[in-house]
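Numbering (the working numbering), first residue to last: 11 to 312.
Glycine included, each C-beta is placed from N, C-alpha and C at the ideal position.
Here the structure is laid out as structure tokens; the discussion comes afterwards.
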Amino acid sequence: MEKHMENMAMENMEKNMPEASLEQHQAALYTLLCELDTVCRKLEIPYQLFAGSMLGAVRHQGFIPWDDDLDVILMREDYDRLLAEADAVLDHSRFFLQKEFSSHWPMFFSKLRLNGTTCLEKFHPKDTACHQGVYIDIFPCDNASDNALMRKMQFYASKFVVAKSLYRRGYETDSMKKKIFMQLCRCLPLQPFLSLTKLAGRGDTQYVHSFLGGASKMEKSVYRREWFDKQIPMTFQDGAFSVPAEYDALLTTLYGDYMELPPEEDRKCKQHAILVDLTHSFEEYEHFRDGMTFDILTRSIR
């Protein structure tokens with residue numbers, strides 16, 4: 011009887027689901043960006059828009075029209091400071107800083123989440139206490155060795171970190187190769203691979219990397235350190251936010267001819283989430299994904 015009532019309640023929720031439009035979702039992401047910017051200004055911590063968000067600022071002066079996420083990146087020292095000091099100035103009534111490798115969040119990067127909202131992604135979380143509100147991604151930028159072979163070892167080490175974290179969070183794939191790799195990684199200790207990936211204390215190298223930013227190709231994730239030395243403000247929606255002064259070199263590395271729009275048929279949202287609700291908290295959707303299977307989309311947002 012209790013299960014039947016639960017199913018009826020879920021059916022009623024689905025019928026009356028106030029799902030957000032892409033424009034409404036982007037407006038929520040912009041709210042999160044403004045709060046992050048406020049926090050970083052108060053703490054005097056530099057950050058930059060990154061990847062598709064940097065491309066959006068340069069090419070569209072805001073979101074790529076079909077984009078549904080927002081990424082920022084910080085040098086590892088600044089990233090660690092943000093995680094250590096942000097709680098003192100963050101508006102906790104509205105926002106939640108989901109820190110890497112923290113309680114209920116086993117991932118290798120961080121997120122700023124909007125309280126009282128829902129953003130259900132395409133996986134079944136193993137920890138239902140995980141905050142699943144609308145979010146922006148906060149990635150670290152780590153030291154990369156000047157030795158090409160060592161950089162390759164760092165890249166492969168990052169794959170172990172990613173796979174181990176995804177297994178703990180919950181990750182579904184039809185690839186037998188990925189399943190075997192994840193099972194192997196779950197048995198191995200995290201710290202040696204994470205240490206190699208970060209190469210802490212080597213701020214004298216010529217290169218940095220974003221391997222822990224979901225990199226699929228090594229050559230698109232290694233950058234000259236000086237590309238991040240200076241930031242400039244750039245219009246993004248109704249405000250101005252930091253991008254690297256060397257954004258042209260970065261965007262060319264990431265996307266090639268980045269000012270050229272993709273073919274119209276490719277201008278589609280990646281659809282990170284199966285549901286975005288800006289008026290109800292994720293706790294109300296605890297069993298929403300039960301029994302669902304997902305087609306994970308991985309194409310570039312360009």
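Looking only at C-alpha atoms, which of 45, 275, 256 sits nearest to residue 68? What you label residue 68 is simply residue 58 of the sequence shown in a count that begins at 1. It is 256.
DSSP beta-bridge partners for residue 81? As a first step, residue 81 is located in the sequence shown; it is residue number 71 there, counting from the start. Its beta-bridge partners are 147.
Within a Cβ cutoff of 6 angstroms, which residues of the same chain sit near residue 99, ignoring the five residues on either side of it in sequence? Here residue 99 refers to the residue found at position 89 of the sequence shown. Here the set comprises 49, 52.
Can you name the residues that DSSP bridges to residue 142? Looking up residue 142 in the sequence shown gives position 132. BP columns for residue 142 are empty, so no partner.
Taking residue 140 as the reference, give the member of 215, 111, 263 with the closest Cα. Residue 140 sits at position 130 when you count from the first residue of the sequence shown. Nearest option by C-alpha distance: 111.
For the alpha helix (DSSP H) that contains residue 233, what are its first and last residues? Working through the sequence shown from its first residue, we reach residue 233 at position 223. It is not in any alpha helix (DSSP H) - residue 233 instead sits in the beta strand (DSSP E) that spans 232-234.
Quick one, are the C-beta atoms of residue 218 and residue 238 less than 8 angstroms apart? Translated into positions along the sequence shown, residue 218 becomes position 208. Translated into positions along the sequence shown, residue 238 becomes position 228. It is a contact, given that the beta carbons lie within the stated cut-off.
Beta-bridge pairing of residue 217 - partner residues as DSSP gives them: Locating residue 217 in the sequence shown gives position 207, where the first residue counts as 1. 154, 234, per the DSSP bridge assignment.
Mark residue 216 as exposed unless 16 or more other C-beta atoms lie within 10 angstroms of its C-beta, in which case mark it buried. Here residue 216 refers to the residue found at position 206 when the sequence shown is read from its first residue. Counting Cβ neighbours within 10 Å, residue 216 comes out exposed, since fewer than 16 surround it.
Comparing the CB of residue 154 with every heavy atom of the ligand GTP, is any distance shorter than 7 angstroms? The model on display carries no ligand, and the ligand GTP is accordingly not part of it.
Please state whether DSSP places residue 191 in a helix, a strand or coil. For this step, residue 191 is matched to residue 181 along the sequence shown. Helix at residue 191.
Should residue 45 be labelled buried (16 or more other beta-carbon atoms within 10 Å of its own) or exposed? The count along the sequence shown starts at 1 and reaches residue 45 at position 35. With 16 or more Cβ atoms within 10 Å of its Cβ, residue 45 is classed as buried.
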